[in-house]
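Encoded as structure tokens, the structure appears first; notes follow it.
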Amino acid sequence: MNDHVTDPATEAFVAHRNLLFTVAYEMLGSAADAEDVLQETWLRWVKVDLAQVQDQRAYLVRITTRQALNRLRSLKRRKEAYVGPWLPEPLLTAPDVAEDVELSENLSLALMFILETLSPTERAVFVLREVFDFGYDDIAAAIGKSAAAVRQIALRARRHVDARRPRTPASPEEARAALDSFQRALATGDLQGLLDVLAPDVVFVSDGGGFKLAALQPVVGADKVLRYMAGSADKAGGVLTGEPTTVNGNPGLLLRLDGEIDGVLAFRVENARVTGLYYVRNPEKLTRVESETSLTSR
1 MNDHVTDPAT EAFVAHRNLL FTVAYEMLGS AADAEDVLQE TWLRWVKVDL AQVQDQRAYL
61 VRITTRQALN RLRSLKRRKE AYVGPWLPEP LLTAPDVAED VELSENLSLA LMFILETLSP
121 TERAVFVLRE VFDFGYDDIA AAIGKSAAAV RQIALRARRH VDARRPRTPA SPEEARAALD
181 SFQRALATGD LQGLLDVLAP DVVFVSDGGG FKLAALQPVV GADKVLRYMA GSADKAGGVL
241 TGEPTTVNGN PGLLLRLDGE IDGVLAFRVE NARVTGLYYV RNPEKLTRVE SETSLTSR
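In UniProt numbering, the protein residues as written are 1 to 298.
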């Protein structure tokens with residue numbers, strides 16, 4: 001007798017687990033909440049009569065979406081009481097995520113920060129349609145609306161996101177070059193070098209969650225961002241160092257203060273200049289920056 005034989009429900013769930021986690025994470029911006037959603041999905045999946053399921057992948061995504069939507073609505077209330085801007089939880093990702101240009105763009109902290117401005121239903125529809133390429137009928141079944149309504153929601157969400165995201169996103173090579181320039185200037189204290197790599201209208205968003213010092217509002221403009229960063233470094237004391245990392249499939253910096261993790265800095269790059277800086281310092285959001293998380297759109 002083979003001790004390793006698993007039942008069909010378990011096999012299907014395990015086969016699609018990384019996809020389900022990615023769907024939940026893209027909707028929620030929180031790995032911990034995504035894991036909870038997967039647990040809820042599993043509890044419902046094992047009660048399903050598999051003989052009645054034509055497409056197991058679509059059915060599992062449907063359950064995951066419903067559970068994520070429920071959690072997203074409760075998260076919305078939690079975020080309203082949050083201290084300062086709420087940034088997604090950064091994840092250290094494997095090289096294959098960075099190689100998938102479309103997936104890495106959709107998983108970037110810059111885009112996920114924009115998704116925070118959508119309603120829960122708009123976010124679910126945008127994620128399923130634009131990121132995972134699900135059909136309108138499948139999305140309709142997942143969120144409990146008609147396919148016609150889903151088309152309208154998808155159009156509205158896409159317009160909203162397109163109005164806020166970069167017109168010409170940088171290639172991985174351009175992003176890495178800008179990050180390297182930024183890192184060198186930061187390490188040497190070269191203020192002019194930092195100014196040269198920052199776009200004049202750069203936006204700096206920091207998330208301390210009330211646990212760490214962070215700007216309560218986004219800081220806009222290269223001079224203001226530079227002054228804020230310099231002031232923060234002075235207040236922190238100690239030696240701040242940055243090491244290159246891959247955050248959500250994109251180049252980033254893992255910053256350490258006297259050797260201890262202080263935060264993760266993610267970038268948005270356009271035309272070889274940094275237009276967005278996203279600094280996550282909340283310790284509760286830094287649990288997945290040293291071991292890889294598997295993400296996939298398939």
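Glycine included, every Cβ here is placed at the ideal spot set by N, Cα and C.
Rounded Cβ spacing between residue i and residue j (contact assumed at less than 8 Å)
i: N106; j: D207; result: Actually they do not touch by this definition, with Cβ atoms about 20 Å apart.
i: Q56; j: V37; result: The Cβ separation is near 18 Å, so there is no contact.
i: A266; j: V247; result: 5 Å
i: F13; j: W45; result: 6 Å
Residue i in three-state terms, based on DSSP
i: E40; result: helix
i: R158; result: helix
i: P251; result: strand
i: V53; result: coil
i: L111; result: helix
i: V274; result: strand
i: V131; result: helix
i: Y59; result: helix
i: G263; result: strand
i: Y136; result: helix
i: R268; result: strand
i: L91; result: coil
i: N2; result: Unreliable positioning characterises N2 in this predicted model, as indicated by a pLDDT of 48, which lies under 50. The coordinate reading is nonetheless provided below. Three-state result, N2: coil.
Residue range of the unbroken beta strand (DSSP E) whose run includes residue i
i: V205; result: 198-207
Short Cβ contact (9 Å threshold) for residue i with residue j
i: A154; j: R129; result: yes
i: E270; j: R256; result: no
i: A187; j: D196; result: no
i: D201; j: G221; result: yes
i: T41; j: L60; result: yes
i: V83; j: G231; result: no
i: T245; j: V274; result: no
i: V161; j: L115; result: yes
i: L240; j: V289; result: no
i: T296; j: L91; result: no
Where the alpha helix (DSSP H) through residue i begins and ends
i: A233; result: 222-236
i: P172; result: 172-188
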